[in-house]
Every structure is written in structure tokens, then in C-alpha cells.
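In our numbering, the protein residues as written are 2 to 223.
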């Protein structure tokens with residue numbers, strides 16, 4: 002059953018890969034790019050980085066240009082997303098080694114640890130139990146001084162027209178992705194709280210577009 006679900010998701014994201022970057026041009030799509038790139042300058046130098054569900058490689062390119070890391074493992078379920086990401090960095094005179102891996106949890110070996118782990122608009126794809134499993138994995142795979150770089154949608158609080166429209170937008174995104182990529186997530190949960198309750202502290206954080214997008218750097222609680 003799990004393999005069948007992953008295969009459906011792989012096919013869905015393969016179909017989406019060709020148009021994914023164009024979808025980000027539709028407002029408020031630019032917020033996806035701005036929010037995930039905004040905290041890169043605040044990162045200290047790190048040797049190894051794992052990017053999970055990196056998609057077409059927009060963040061990968063920005064991270065390489067920043068010169069913040071020397072080795073990146075780029076993990077995605079879709080070979081077409083990986084191909085686009087690879088093409089997106091071909092013109093860079095990079096001093097960073099990038100290894101592309103297709104797959105999911107099973108492609109991260111038991112003995113691997115990373116100084117930086119990145120999930121941008123990834124955890125929102127999963128059910129609450131799956132989110133907990135991914136956060137546990139991230140916690141276990143971070144080195145002692147490792148950082149967790151996180152960007153995602155967040156639930157808008159309050160009763161203003163803007164928060165109403167934000168929540169409508171999120172519902173539309175879930176409808177679209179569930180029907181095109183067979184994701185298991187049905188609704189957005191409070192991901193920030195889930196991360197904090199899983200043994201992390203906030204180092205930096207920032208909201209965008211009236212808090213529709215949220216970006217943060219976390220570290221493991223000592």
C-alpha cells in the first residue's frame with residue numbers, strides 16, 4: 002500500500018514538474034520563492050546539507066550561490082523534479098558538491114548526519130502522523146550543532162478579510178495538490194508548534210504576506 006501511494010505521488014509530481022515554476026508566477030506565488038530564500042544570509046557556514054522535497058531547485062540554486070555549504074544531498078520523489086533542479090544549477094561555477102537522490106525516507110542511510118536540513122513547502126504535504134515521523138527523522142539526522150531550515154504555509158489567525166482569504170487560498174492549494182499529486186495531507190496543521198514540541202528551539206523566524214508564509218531556522222533543544 003505504501004509503495005503504491007509513493008508511486009502515485011511520484012507520477013503526480015512528475016506531471017507537475019513541467020509547469021511548477023510557472024505556477025509560482027501567479028499571485029501570491031512569488032511569496033513561495035521570497036519566503037524560502039529570505040533567511041539564507043543568516044545561515045552560518047555548514048559542511049553538509051540535506052534538502053528534502055526540493056522540487057525544481059529554486060532554493061538549491063540560491064543556497065549554492067550563497068556559498069554557505071560545501072556538500073548537498075538533494076532528495077525528491079520525482080525524477081523530473083530532480084532533472085529540472087540539476088539543469089537549474091548547470092551554469093553555476095559551483096564549489097559545492099551536489100548529490101541527487103530519488104526517493105523518500107529509505108534513501109537516507111542509518112549512519113548519515115547533516116549540519117543543515119532543509120524542508121521548504123514539504124511538511125504540509127503529509128498527514129499529522131507522517132509529519133511527526135519526518136520531524137523525528139530530521140531531529141535524528143541533524144549533527145550536534147545542526148540547524149533545521151524550514152519554510153511553509155501557516156494557518157492565519159483572526160477574523161479579518163485577509164486571514165479569511167489566506168485560509169481559502171490554502172484550501173484551494175490542498176484541493177489542487179490532492180487531485181494532481183495524491184498527497185496524503187488533507188488540511189494544514191500547526192507545523193511550527195509541532196516542530197517546537199518535537200525538541201527544537203527557534204533561532205530566527207519571519208512571516209510573510211500577512212503571515213501566509215512562515216520561515217524559520219531551528220536548532221535541537223539541548
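The C-beta atom is built at its ideal place from N, Cα and C for all residues, glycine as well.
Comparing alpha carbon positions, the residue from 59, 29, 70 closest to residue 43 is 70.
The Cβ-Cβ distance between residue 100 and residue 74 falls below 7 angstroms. Residue 122 sits away from residue 142, with the two beta carbons spaced by 7 angstroms or more. Residue 163 and residue 106 have their alpha carbons spaced roughly 37 angstroms apart. In this structure, DSSP gives residue 157 a state outside helix and strand, which the three-state scheme calls coil. DSSP places residue 89 in no beta strand (DSSP E) but in the uninterrupted alpha helix (DSSP H) bounded by 80-89.
Only residues of its own chain outside the window of five on either side were considered, and among them 185, 186 have a CB closer than 6 angstroms to the CB of residue 127, listed in chain order. According to the DSSP assignment, residue 197 belongs to the alpha helix (DSSP H) that extends over 192-197.
In summary, residue 30 is exposed, with fewer than 16 beta-carbon neighbours lying within 10 Å of its beta-carbon over all protein chains present. Under the DSSP assignment, residue 77 falls in the beta strand (DSSP E) whose first and last residues are 70-77. In this structure, the CA atom of residue 13 is about 6 angstroms from the CA atom of residue 181.
With a threshold of 16 other beta carbon atoms within 10 Å, residue 77 meets it and is buried.
When DSSP reads this structure, residue 101 sits in a beta bridge with 75. Under DSSP, residue 47 takes part in a beta bridge, and its partners are 70.
Residue environment analysis places residue 130 among the exposed positions, since fewer than 16 neighbouring C-beta atoms fall within 10 angstroms of its C-beta.
Around the beta-carbon of residue 188, fewer than 16 other beta-carbon atoms lie within 10 Å, marking it exposed. Residues of the same chain with a CB within less than 7 angstroms of the CB of residue 34, apart from the 5 flanking positions on each side, are 25, 59 in chain order. The Cβ atoms of residue 154 and residue 125 lie closer than 7 angstroms to each other. Residue 221 and residue 32 have their alpha carbons spaced roughly 27 angstroms apart.
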